[in-house]
Structure formats: structure tokens, C-alpha cells
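Trainee: My questions will all concern the structure given below.
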Amino acid sequence: MDATKLPVFFLLFTILAILPIHNQAQNSTIDPYKLLHLIPNPDGSITRIKEFYPTVPPNTSSVAFSRDVPLNHDKNTWIRLYLPNKSDLVNLPIIVYAHGGGFIILSTATPNFDWFLSNTASNLTVLVVSVEYRLAPEHRLPAAYDDVLEALHWVKEKKDVWVNKYADVTRCILMGESAGGNIAYNVGLGASILNHQLKPLVIKGLVLIQPFFGGLNRTGSELKLPHSAGLPLVITDLMWNLSLPLGVTRNHPYCDPMFGCGSSNLDKIKELSWRIAIAGCDGDRLYDKQVEVFMFLKKRGVDVVGNFSKGDYHGVFVTELAKSQKLFEFVRSVFSYLRY
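Going by our numbering, the sequence shown opens with residue 1025, and the numbers climb by one from there.
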């Protein structure tokens, strides 16, 4: 993929990865709003400077068809569907996807995500249902979780022509990258106890791509030098401060899956025999927390599979084709019914 086409969020990870910043104290001088091209407003909302956050219309890829459909008019939420450009499109598994952006920026129509999801539909031969959920701070968590859960009910209804004609709603995977990985996990927890209400839709598991988890205590990878850890802590802290419910800290289950010994719904996930796939790399500031969560889920007896690699950076799987291909191979190994 041409790096000149990357939106600001992904460029920040790669540019800041090579900045000669030598101690974490210098991060305190960084204005996270300016770095992310955001303007804080007096009412608590933010203005996202549009020129730094480009979007693309549907049907811009040759490997998949795509179209936008409304989800909830009152909430201004919508879905971008991706259908592989292949013959024999029958009984396709479904991936319900949540995009990244720290809960506060980006869109399913961001060029990287549109490119990645077109390739996801084509490489895994699935129907992708990507949710344009509400962003914080205008809509703090759990708004994004609620929107993706609503999308599951939307799929269940099978009223959309593509879902009705091409999809097998009994083989659904929840997937997300970065903040979207956090969303997929938390929506999965909620959906696990709605098994009967969601029928005929059947969830088979979760794919968490470099999920955005955190906590009050800094991990080793968070405290590494910026050249090996991605965005400064002031950025991730801003994202949590703007997205978590007012008055709470990062010591909260939305942020930390291990808070309070984890959700009791994990027992339901075990009962349903869901599989959870987690992909990460140690060039990502979030890496240590992802490994901690992986080990925690294992100890809880959840069927979890990890794919943790060396080097790289946060966002690599939705930016570089070779890394995307390796991710698809991993996902296919976890969910064996996925076709080439």
C-alpha cells in the first residue's frame, strides 16, 4: 500500500516511532489534541479537522463490492457491507467488524479500513458487516458497544438483500482492530448472554487485532522509549479520558478486561464454545497488556489462541498487505470453516 495514502492516525504511529525522544517526561510537553488534529470545544465535544480524516465512498476496490446501509437513523449510525468479488457466493460466513481510532476518531470509510475490509471479504470469503458506531466524547462508552450490538440484531433480522441472499447467519465472528478489538470483546461479553434473543444468528467467536486495552498501572511496553512503543502515552491517555464514562478511571472493565477478576460472562463464552483469537506484535505500546489478557483468558479456561510476533507497530495489520495476509492465515487456522 502506498504510504502517501495513509491517513494521519497511521502515519503518526510510524513517524513517532522514529522520533528521537529519549525520555518519557518529554511526552508531557506534547499537546495530544494538536498532534491528532483535534480542537476541544467548550461543551466537551471535539472538532475533527476534516482534511486530516479523509474517507472513501463504497465500491472503491476491485476485490470486493461494498455498499452503505442505515443502521439507526436517530443515532446516525450505519453499516458498510463488503461482498467478495467471486463466483459461488452462497452461505458466506459473516464478520461483524468494529474499526479502530481510540473510540474518538476515524470511520469505517477511512481509506485503510476500507482497503483492509475489502481484502478481508475477499481473502476469507465472507460477508463483512462494518459498523459506523458513534464516537466519543460526544457519545462515551458504552455507546459504541450498544451500536455494534444493535448491528448484530440487524444481521439477525436478515432484512438486507445481501445478508438474506448470500450470508449464513449461523456462522458469525465478531472482529475489531485496536479500539475495535476492545469493542468486539465487550460486545461479545454482552452478546454471550443474549444467545436466544439473537437467534438465528450464531456467534462462533471473536478476533481481536491489537486490541486497545489498558489499566491504571503502566505495563512494560507502555513505558518503553517512544521509538519502540508507538504513540506517546498522552495520546492513549487522552483517548481513555474522552471515551470512558464521566467520573471513572482506567480501573474499569471497559478498559481492563481483568478488572474485578474479569466478567462472569466469560463462563457463558466457555459454555458456548466460542474461540477467541488475539493478534499482536511487540513493537506496539499495547503489546504487554494484550499478552496479559491472553494469559488471563487462558487461566479462565476460555478457548483463546494467540499470534504474537516481533517488531512492527500498532496498525500494521490494517496497513501492510503482507501482514494482513498473515493475519488472514491465522484467522483461518482458528476458524477452520473459513474458505480461501
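Idealized CB from N, CA, C, for every residue including glycine.
#1: What is the DSSP secondary structure of residue 1126, counted as helix, strand or coil?
#2: Counting C-beta neighbours from all protein chains within 10 Å, is the total for residue 1308 16 or more, i.e. buried, or is it exposed?
#3: Which of the three DSSP states is assigned to residue 1347 in this structure?
#4: Which residues mark the beginning and the end of the alpha helix (DSSP H) in which residue 1316 is found?
#5: For residue 1263, which three-state DSSP category applies?
#6: Within its chain, find whatever has a CB closer than 7 Å to the CB of residue 1269; leave out the 5 residues flanking it on each side and keep chain order.
#7: Which value, in whole angstroms, describes the spacing of the CA atoms of residue 1225 and residue 1287?
#8: Go through the region 1267-1307 residue by residue and report every complete run of the beta strand (DSSP E) that reaches 3 residues or more, in order.
#9: Are the CB atoms of residue 1187 and residue 1142 nearer to each other than 7 Å?
#10: Kindly indicate which three-state DSSP category residue 1182 falls into: helix, strand or coil?
#11: Mind checking who residue 1088 pairs with in its DSSP beta bridge?
#12: Can you grab the Cα-Cα spacing for the pair residue 1135 / residue 1294, in whole Å?
#13: Report all residues from its chain with a CB closer than 7 Å to the CB of residue 1024; omit the five preceding and five following residues, and keep chain order.
#14: When DSSP labels each residue in this structure, what does residue 1133 get in the three-state scheme?
#15: So, with DSSP's three-state summary, where would you put residue 1156?
#16: Could you tell me which of 1291, 1275 and 1292 sits nearest to residue 1284, measuring between CA atoms?
#17: Cutting at 6 Å between CB atoms, please list the residues of its own chain near residue 1162, excluding the five before and the five after it.
#18: From this set, 1191, 1148 and 1129, which residue's C-alpha is nearest residue 1075's C-alpha?
#19: For residue 1047, collect the residues of the same chain with a Cβ closer than 7 Å to its Cβ; drop the 5 residues on either side in sequence, then sort them by chain order.
#20: Roughly how many whole angstroms lie between the Cα atoms of residue 1280 and residue 1220?
#21: Taking C-beta to C-beta, are residue 1155 and residue 1191 nearer than 7 Å?
#22: Under 7 Å between the Cβ atoms of residue 1303 and residue 1329?
#23: Are residue 1149 and residue 1363 touching if we call contact CB-CB under 7 Å?
#24: Could you check the C-alpha separation between residue 1099 and residue 1348 for me, to the nearest Å?
#25: Measuring CA to CA, which of 1319, 1361 and 1258 is closest to residue 1126?
#26: What does a CB cutoff of less than 6 Å around residue 1233 pick up in its chain, not counting 5 residues either side in sequence?
#27: What does a CB cutoff of less than 8 Å around residue 1335 pick up in its chain, not counting 5 residues either side in sequence?
#28: Leaving out five residues before and five after residue 1248 in sequence, what residues of the same chain have Cβ atoms less than 8 Å from its Cβ?
#29: From the DSSP output, which residues share a beta bridge with residue 1101?
#30: Enumerate, from N- to C-terminal direction, the unbroken beta strand (DSSP E) stretches of 3 or more residues contained entirely within the region 1167-1217.
#31: Can you tell which of 1323, 1112, 1111 and 1153 has the C-alpha that lies nearest to the C-alpha of residue 1082?
#32: Considering residue 1056, what are the terminal residues of the alpha helix (DSSP H) in which it resides?
#33: Do you know offhand how far residue 1062's Cα is from residue 1078's?
#34: Taking the beta strand (DSSP E) that residue 1331 belongs to, which residues open and close that run?
#35: Please classify residue 1337 as buried or exposed, where buried requires at least 16 other C-beta atoms within 10 Å of its C-beta.
Mentor: The answer reads as follows:
#1: coil
#2: buried
#3: helix
#4: 1311-1323
#5: helix
#6: 1164 and 1165
#7: 23 Å
#8: 1299-1305
#9: no
#10: coil
#11: 1108
#12: 36 Å
#13: Residue 1024 lies beyond the residue range present for the chain, which begins at 1025 and ends at 1364; the question has no answer from this structure.
#14: coil
#15: strand
#16: 1275
#17: 1069
#18: 1129
#19: Caution is warranted here: a pLDDT of 41 is assigned to residue 1047, below 50, making its placement in the model unreliable, and the coordinate value is therefore given only provisionally. Nothing meets the Cβ criterion.
#20: 28 Å
#21: no
#22: no
#23: yes
#24: 32 Å
#25: 1258
#26: 1201, 1205, 1303 and 1341
#27: 1305, 1306 and 1307
#28: 1309
#29: 1096
#30: 1191-1201
#31: 1153
#32: 1056-1059
#33: 14 Å
#34: 1327-1333
#35: buried
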